[in-house]
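Undergrad:
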Amino acid sequence: MPLTGHCLCKAVTYTAAVDAPIITGYDHCDDCQRQSGSTYSLVAVVPKASLTINGPIKKWTGTAASGNAVHRLFCSECGSPIAHDPDGAPEIIALKAGTLDTEIKKTLKPDTEIWTAGKLPFCQEKLANAFEFMP
C-alpha cells in the first residue's frame with residue numbers, strides 16, 4: 000500500500016510508491032524545529048524516485064551544517080511543510096510525517112533520532128537509533 004498524504008488545505012497531495020518508510024524518525028535540527036514550529040520534525044524517509052507530488056509547491060533552499068543545500072518543499076496556498084530534500088543524500092526525501100493520511104500516520108513507529116545535538120532538554124524520550132548529527 001503506498002504512502003499518501005496532503006497539506007492542510009488539500010491543494011497539495013502526494014503518493015510514495017512504497018510499503019513503508021525507510022526510516023521514521025525525529026529530526027531535532029534547529030531548521031526542522033523552526034519549520035515545524037515544534038520541538039522536532041517527525042519525518043518519514045522514502046526513496047525520492049518513489050514520490051509523486053501534485054499541486055502548488057514552493058521551495059525554499061537553505062544550507063545544511065554540511066554545507067550542502069537542503070530544499071524545503073511546502074504548499075504555496077496554506078504553507079504546510081511537505082518534505083525536505085537534502086542534496087547531501089540525493090536518493091532520499093524526508094516527508095513531513097504529520098502530512099500523511101491519518102490512518103497511515105497512526106501506524107508509524109519512530110525508530111531513529113537525528114541531530115540529537117539540537118534536541119531540547121525537556122524532550123526525554125530516546126530511541127535506540129540516535130545520532131548526534133546526520134548519519
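Numbering that gives the first Met the number 0 puts the first residue of the sequence shown at 0, with every later residue one more than the last.
For every residue, glycine included, the Cβ atom is placed at its ideal position computed from N, Cα and C.
Find the nearest neighbour of G78 within the set G24, I103, G54 and P109, judged by alpha-carbon distance.
TA: G54
Undergrad: Within 10 Å of its beta-carbon, does W114 have 16 or more other beta-carbons around it, so buried, or fewer, so exposed?
TA: Classification of W114: buried, given that the 10 Å Cβ count is 16 or more.
Undergrad: Going by DSSP, which residues form a beta bridge with N53?
TA: T12
Undergrad: Buried or exposed for F132, going by 16 or more other Cβ atoms inside 10 Å?
TA: exposed
Undergrad: Mark D26 as exposed unless 16 or more other C-beta atoms lie within 10 angstroms of its C-beta, in which case mark it buried.
TA: buried
Undergrad: Going by alpha carbons, who is nearest to P20 out of P80, M0 and L7?
TA: Comparing Cα-Cα distances from P20 to each of P80, M0 and L7, the minimum goes to M0.
Undergrad: Quick test of your reading: H70 and T60, contact by CB under 8 Å. State the CB separation rounded to the nearest angstrom.
TA: 5 Å
Undergrad: Rank A43, I81, T101 and V42 by C-alpha distance to the C-alpha of I138 and give the top, closest one.
TA: No information on residue 138 is available, as it lies outside the stretch 0 to 134 that the chain covers here.
Undergrad: Whole angstroms are fine: how far does the CA of F73 sit from the CA of C28?
TA: 18 Å
Undergrad: Whole angstroms is fine: what's the gap from T12's alpha carbon to A93's?
TA: Cα-Cα distance, rounded: 15 Å.
Undergrad: Near A96, what residues of its chain come up, given a Cβ to Cβ distance below 7 Å and the 5 sequence neighbours on each side ignored?
TA: T23, L41, V42, A43, K104 and L107
Undergrad: Below 8 Å on the Cβ atoms is my contact criterion, and I expect E90 with P120 to pass it. Report the Cβ-Cβ distance as a whole number of Å.
TA: Incorrect: roughly 34 Å between the Cβ atoms, too far for contact.
Undergrad: Considering only residues of the same chain and omitting the five flanking positions on each side of G4, which have a CB-CB separation below 6 Å?
TA: These residues qualify, in order along the chain: Y13, T98, L99 and D100.
Undergrad: Let me know the secondary structure DSSP gives C6 once reduced to three states.
TA: Under the three-state reduction of DSSP, C6 is assigned to coil, being neither helix nor strand.
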